[in-house]
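Notes follow once the structure below has been shown.
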Amino acid sequence: MTENTRLEATEMNMPAATILARSDLYHMPSTTVRTPDAEPRSAKVIARNVSVFYGPKQALFDVSIDIPEKSVTAFIGPSGCGKSTFLRCLNRMNDTIDGCRVSGQIALDGSDIFAPSLDVVELRARVGMVFQKPNPFPKSIYENVAYGPRIHGLARSKADLDEIVASSLQKASLWNEVKDRLHEPGTGLSGGQQQRLCIARAIAVSPEVILMDEPCSALDPIATARIEELIDELKQNFTIVIVTHSMQQAARVSQRTAFFHLGNLVEEGPTDLIFTSPGEKRTQDYITGRFG
Amino acid sequence: MTSDERLGLVRAGLAARHAREWRFRFYGILAILAALSFVAILFGMILSRGLPAFTQATLTLDVHFDAAVIKVGERPTRTGNQSHAEYAKAVSDWERKMTMVNWNRLIEAAVREAAPDTKANSREILSIVETNARFELRDMLVADPTLIGKTVQVSLLASANADNWLKGNIDRALPDAQQQLREPARALADQLKAEGKIRNAFAWHIFTNVDSRSAPASAGLAGAFVGSLYMMLVVIVLAVPIGVMSAVYLEEFAPKNRFTDLIEVNINNLAAVPSIVFGLLGAAVFINYFRLPLSAPLVGGLVLSLMTLPTIIIATRSALRAVPPSLRQAALGLGASKTQTVFHHVLPVTYPGMLTATIIGVAQALGETAPLLLIGMNAFVAQVPATPLDQSSALPVQIFLWQGNENRNFFEARTSAAIIVLLGLMLTLNAIAIFLRSRLEKRT
Chain A
12 MTENTRLEAT EMNMPAATIL ARSDLYHMPS TTVRTPDAEP RSAKVIARNV
62 SVFYGPKQAL FDVSIDIPEK SVTAFIGPSG CGKSTFLRCL NRMNDTIDGC
112 RVSGQIALDG SDIFAPSLDV VELRARVGMV FQKPNPFPKS IYENVAYGPR
162 IHGLARSKAD LDEIVASSLQ KASLWNEVKD RLHEPGTGLS GGQQQRLCIA
212 RAIAVSPEVI LMDEPCSALD PIATARIEEL IDELKQNFTI VIVTHSMQQA
262 ARVSQRTAFF HLGNLVEEGP TDLIFTSPGE KRTQDYITGR FG
Chain B
1004 MTSDERLGLV RAGLAARHAR EWRFRFYGIL AILAALSFVA ILFGMILSRG
1054 LPAFTQATLT LDVHFDAAVI KVGERPTRTG NQSHAEYAKA VSDWERKMTM
1104 VNWNRLIEAA VREAAPDTKA NSREILSIVE TNARFELRDM LVADPTLIGK
1154 TVQVSLLASA NADNWLKGNI DRALPDAQQQ LREPARALAD QLKAEGKIRN
1204 AFAWHIFTNV DSRSAPASAG LAGAFVGSLY MMLVVIVLAV PIGVMSAVYL
1254 EEFAPKNRFT DLIEVNINNL AAVPSIVFGL LGAAVFINYF RLPLSAPLVG
1304 GLVLSLMTLP TIIIATRSAL RAVPPSLRQA ALGLGASKTQ TVFHHVLPVT
1354 YPGMLTATII GVAQALGETA PLLLIGMNAF VAQVPATPLD QSSALPVQIF
1404 LWQGNENRNF FEARTSAAII VLLGLMLTLN AIAIFLRSRL EKRT
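Listed in order, the protein sequences are those of chains A and B. Read in order, the letters of the first sequence correspond to residues 12 to 303 in the numbering used here. Read in order, the letters of the second sequence correspond to residues 1004 to 1447 in the numbering used here.
Right, dumping it as structure tokens:
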């Protein structure tokens, strides 16, 4: 697809004025089909030409995207398409994998997250993460939530810490279920409760961005519904990026959706548009279930 | 093919499949039974031979501390004009005289008193009493000088030969020339036993005495036991922290490259090096080069630490590898540093595994003999080491030494008794480890 047709494709859906209002994104040479929001938000995370290599194998090809502030952005795509790999770039969790190399730029609030002066510990305090499988620490519920604030020195006193733990559990809508057994092990909770505990643990550090890597894939539909409600509430205070295999989930919780395929960002745009009139054939094929 | 035919084929094969499974299970059970019976035979033989060695024939005699025999005055006291050296000399003279007293006469008299009609002569009488009995009498009198002229009931160990005769460890039908005791002595032992003046008493001295050659019945394991404890201490202080730290560094922090691969291969190779080679290394490095003392538990502990390190490193690394990566990711994702992740989250869940690694290593070190022979721990040492730098033996080496002495091994069953003590120590260690591990696992 040439640059020309791509621009036409986006112009079909959006007023040209809005497209060009804020970002260089829509002027970049790229094969990605992009559709801006009708009322664009300012970008919290800006990624440009991000490529990831596992040893000699390239897993991600020149991904560029803006992630808007205080909203939910969903990454969808078939297994192995690079969506989780890209998500893990945003808080540099790929650093922990041997033989993994990242090129390109990612900026959080305009500052480069790969800059040598930036401490990765500080980055991860600002960009929290919730994993696919609930992974509470084998400690008490209280200790799980208190751990982040404690290592970052966020609480000045025991009362402070208690307050942070309580409010984090409340924000994760887990407080009523666990307030009487804060000192019991976190691993004794049900799967859905454990995942909410992990969300509480992540928000206890008051991050600006929360990355969620298929947070509901190990949960039953009722627990999934609760997490989705929670995500909807959390977006008022946090910027959320969620990787999901469920297109219904992306449609339910996200404001913007990005479709990845074979390591490429194929299309990104407002969720309702992606699901009703995608600009790319591959996107349409995927969301209608023809592959993936 | 109709569905009935197909079903018939499946059924025909099914019988063979079930038979194969049944045979496999049968072989498995057979293998386990064989292994269990070997263990049972081993333990049965050791216990049946070794347990009787924990009781020994003991004489109960009324010994008269005859003033006519003990012609040594009272312990000298320091007079005003005596220098310290003069006083010390007087005391040592007195001690020498006390030792020179013919204590055996007192013992002989006491035995004759107990068995007035014996035909045994004095040599034969004394041959049923352990040779160090006279020193017991001396020590009693030194401790309590008022005993002189009195008659006191004393328990004295029977000699090893008498003990063997009474226990039947030596065939009673053997001709006189092949017996260790002469006929009148054997008759005397039997008579005293029948009258209850020789009884089988629990041999506490196996735990409190050191090894002895001149008085084999009184030989004990105290020196070897303390030597082994010191070596365990050295291993725990040196090998455990170094091994655990190395494993944590290699597994959690070290980059994966050719150099660390080489280290890993070498650690695995070290674990397979025969232990006697470590003994040679210890003799060459610690004794020849660093001039550390021979036969010292410190050197033994150093050698055993070298030998145990690879075991501890390998076991700890496999414990660390078993920690799910999700736990590390959870901590890293929260912004914990690498060190915080390891020390706050990974290590606490590996404590049970590391404890097991430690116990395996220490137990291996405790039972090791070969390297200790090369650093002189097979010397005959008749003292309990006060520090790890004193000369000492070790439990397995003591077993080896007694095994080489046909009396000690075949008739007195000392070897089996020492094996029981060693096994008991090992089982205690393992029991502590299992207890601690189950407590740690409950906590997490």
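Glycine included, every Cβ here is placed at the ideal spot set by N, Cα and C. As the structure is a prediction and not an experimental result, all values here were calculated from the model.
In three-state terms, what does DSSP make of residue i?
{"i": "residue 289(A)", "result": "coil"}
{"i": "residue 1321(B)", "result": "helix"}
{"i": "residue 279(A)", "result": "strand"}
{"i": "residue 94(A)", "result": "helix"}
{"i": "residue 32(A)", "result": "A caution first: residue 32(A) carries a pLDDT of 44, below 50, which makes its placement in the model unreliable, though a value can still be read off. Residue 32(A): coil per DSSP, three-state reduction."}
{"i": "residue 24(A)", "result": "Confidence in residue 24(A) is poor, its pLDDT being 44 and thus under 50, which makes the residue's placement unreliable; the coordinate value appears in the next sentence. Looking at residue 24(A) - three-state DSSP - the assignment turns out to be helix."}
{"i": "residue 1300(B)", "result": "helix"}
{"i": "residue 1099(B)", "result": "helix"}
{"i": "residue 196(A)", "result": "strand"}
{"i": "residue 1158(B)", "result": "strand"}
{"i": "residue 151(A)", "result": "strand"}
{"i": "residue 252(A)", "result": "strand"}
{"i": "residue 14(A)", "result": "Any reading at residue 14(A) must be qualified, since the residue scores a pLDDT of 39, below 50, and its modelled position is unreliable; no value is offered."}
{"i": "residue 104(A)", "result": "helix"}
{"i": "residue 122(A)", "result": "strand"}
{"i": "residue 114(A)", "result": "strand"}
Between residue i and residue j, which are expected to be in contact by the criterion C-beta below 8 Å, what is the C-beta distance as a whole number of angstroms?
{"i": "residue 139(A)", "j": "residue 1336(B)", "result": "7 Å"}
{"i": "residue 264(A)", "j": "residue 271(A)", "result": "Not quite, the Cβ-Cβ distance comes to about 18 Å (not below 8 Å), so this is no contact."}
{"i": "residue 1358(B)", "j": "residue 1436(B)", "result": "6 Å"}
{"i": "residue 1259(B)", "j": "residue 109(A)", "result": "5 Å"}
{"i": "residue 1057(B)", "j": "residue 1420(B)", "result": "6 Å"}
{"i": "residue 1226(B)", "j": "residue 1213(B)", "result": "4 Å"}
{"i": "residue 225(A)", "j": "residue 255(A)", "result": "6 Å"}
{"i": "residue 258(A)", "j": "residue 78(A)", "result": "Between residue 78(A) and residue 258(A) the Cβ distance is about 19 Å, and since that is not below 8 Å, they are no contact."}
{"i": "residue 76(A)", "j": "residue 58(A)", "result": "5 Å"}
{"i": "residue 1332(B)", "j": "residue 223(A)", "result": "So it is not a contact: roughly 13 Å between Cβ atoms."}
{"i": "residue 1191(B)", "j": "residue 1113(B)", "result": "13 Å between Cβ atoms; not a contact."}
{"i": "residue 119(A)", "j": "residue 56(A)", "result": "6 Å"}
Output, in chain order, the set of chain A residues within a Cβ distance shorter than 7 Å of residue i.
{"i": "residue 1340(B)", "result": "132"}
{"i": "residue 1329(B)", "result": "142, 144, 146"}
{"i": "residue 1367(B)", "result": "Near residue 1367(B) there are no residues of chain A at all, since even the closest Cβ is about 30 Å away, more than 7 Å."}
{"i": "residue 1343(B)", "result": "162"}
{"i": "residue 1348(B)", "result": "148"}
Who are the neighbours of residue i on chain B, taking C-beta pairs under 7 Å?
{"i": "residue 136(A)", "result": "1338"}
{"i": "residue 109(A)", "result": "1259"}
{"i": "residue 10(A)", "result": "As shown, chain A starts at 12 and ends at 303. That puts residue 10(A) outside it, with no answer to give."}
Considering residue i, what are the terminal residues of the beta strand (DSSP E) in which it resides?
{"i": "residue 54(A)", "result": "54-65"}
{"i": "residue 242(A)", "result": "No beta strand (DSSP E) contains residue 242(A), which is instead part of the alpha helix (DSSP H) from 232-245."}
{"i": "residue 1137(B)", "result": "Note, residue 1137(B): premise wrong, no beta strand (DSSP E); alpha helix (DSSP H) at 1136-1146."}
{"i": "residue 1392(B)", "result": "Neither: residue 1392(B) is in no beta strand (DSSP E) and is coded neither H nor E."}
{"i": "residue 73(A)", "result": "68-79"}
{"i": "residue 272(A)", "result": "267-272"}
{"i": "residue 1067(B)", "result": "1058-1067"}
Please list, in chain order, the chain B residues whose beta carbon lies closer than 8 Å to that of residue i.
{"i": "residue 102(A)", "result": "1336"}
{"i": "residue 190(A)", "result": "Correct list: empty, because the minimum Cβ distance to chain B is about 22 Å."}
{"i": "residue 194(A)", "result": "The contacting residues do not exist; residue 194(A) stays about 13 Å from chain B at best."}
{"i": "residue 216(A)", "result": "1337, 1338"}
Against residue i, what residues of chain B qualify as contacts under a CB-to-CB distance less than 9 Å, listed in chain order?
{"i": "residue 139(A)", "result": "1336, 1337, 1338"}
{"i": "residue 285(A)", "result": "Simply none; closest approach about 28 Å."}
{"i": "residue 176(A)", "result": "Going along chain B, no residue has its Cβ under 9 Å from residue 176(A), so there is no contact; the nearest lies around 14 Å."}
{"i": "residue 159(A)", "result": "1337, 1338, 1339"}
{"i": "residue 152(A)", "result": "The premise fails here: residue 152(A) is roughly 14 Å from chain B at the closest Cβ pair, so nothing lies under 9 Å."}
Could you list which residues in chain A have their beta carbon closer than 9 Å to that of residue i, in chain order?
{"i": "residue 1332(B)", "result": "104, 107, 140, 142, 146"}
Could you pull the start and end residues of the alpha helix (DSSP H) that residue i belongs to?
{"i": "residue 1203(B)", "result": "No alpha helix (DSSP H) contains residue 1203(B), which is instead part of the beta strand (DSSP E) from 1201-1205."}
{"i": "residue 1262(B)", "result": "1261-1274"}
Quiz item: Three or more beta-carbon pairs under 8 Å between the segment 134-150 of chain A and the segment 197-217 of chain A, yes or no?
Solution: In short, these stretches touch, since the Cβ pair count reaches three.
Quiz item: Are there three or more Cβ pairs, one per stretch, closer than 8 Å when the segment 1221-1240 of chain B is compared with the segment 1377-1395 of chain B?
Solution: Three or more Cβ pairs closer than 8 Å define a contact, and the segment 1221-1240 of chain B meets that threshold against the segment 1377-1395 of chain B.
Quiz item: Hey, is the segment 86-98 of chain A in contact with the segment 1294-1309 of chain B, meaning 3+ C-beta pairs nearer than 8 Å?
Solution: With a cut-off of 8 Å on Cβ pairs, the segment 86-98 of chain A is not in contact with the segment 1294-1309 of chain B, counting fewer than three such pairs.
Quiz item: Pairing CB atoms from the segment 1408-1426 of chain B with CB atoms from the segment 1213-1224 of chain B, are three or more of them under 8 Å?
Solution: Segments in contact, yes.
Quiz item: Is it true that the segment 1163-1176 of chain B meets the segment 1066-1083 of chain B, where meeting means three or more beta-carbon pairs spaced less than 8 Å apart?
Solution: The segment 1066-1083 of chain B and the segment 1163-1176 of chain B do not touch, with fewer than three beta-carbon pairs separated by less than 8 Å.
Exercise. Give a yes or no on contact between the segment 1299-1319 of chain B and the segment 1367-1381 of chain B, applying the rule of three or more CB pairs nearer than 8 Å.
Key: With the cut-off at 8 Å, the segment 1299-1319 of chain B and the segment 1367-1381 of chain B touch.
Quiz item: Any contact of the segment 1273-1283 of chain B with the segment 1319-1329 of chain B, i.e. 3+ C-beta pairs under 8 Å?
Solution: Counting C-beta pairs closer than 8 Å gives fewer than three between the segment 1273-1283 of chain B and the segment 1319-1329 of chain B, which falls short of the contact rule.
Exercise. Taking 8 Å as the threshold, find out whether the segment 176-185 of chain A comes into contact with the segment 237-245 of chain A through three or more Cβ pairs.
Key: When Cβ pairs closer than 8 Å are counted between the two stretches, the segment 176-185 of chain A is seen to touch the segment 237-245 of chain A, the count reaching three or more.
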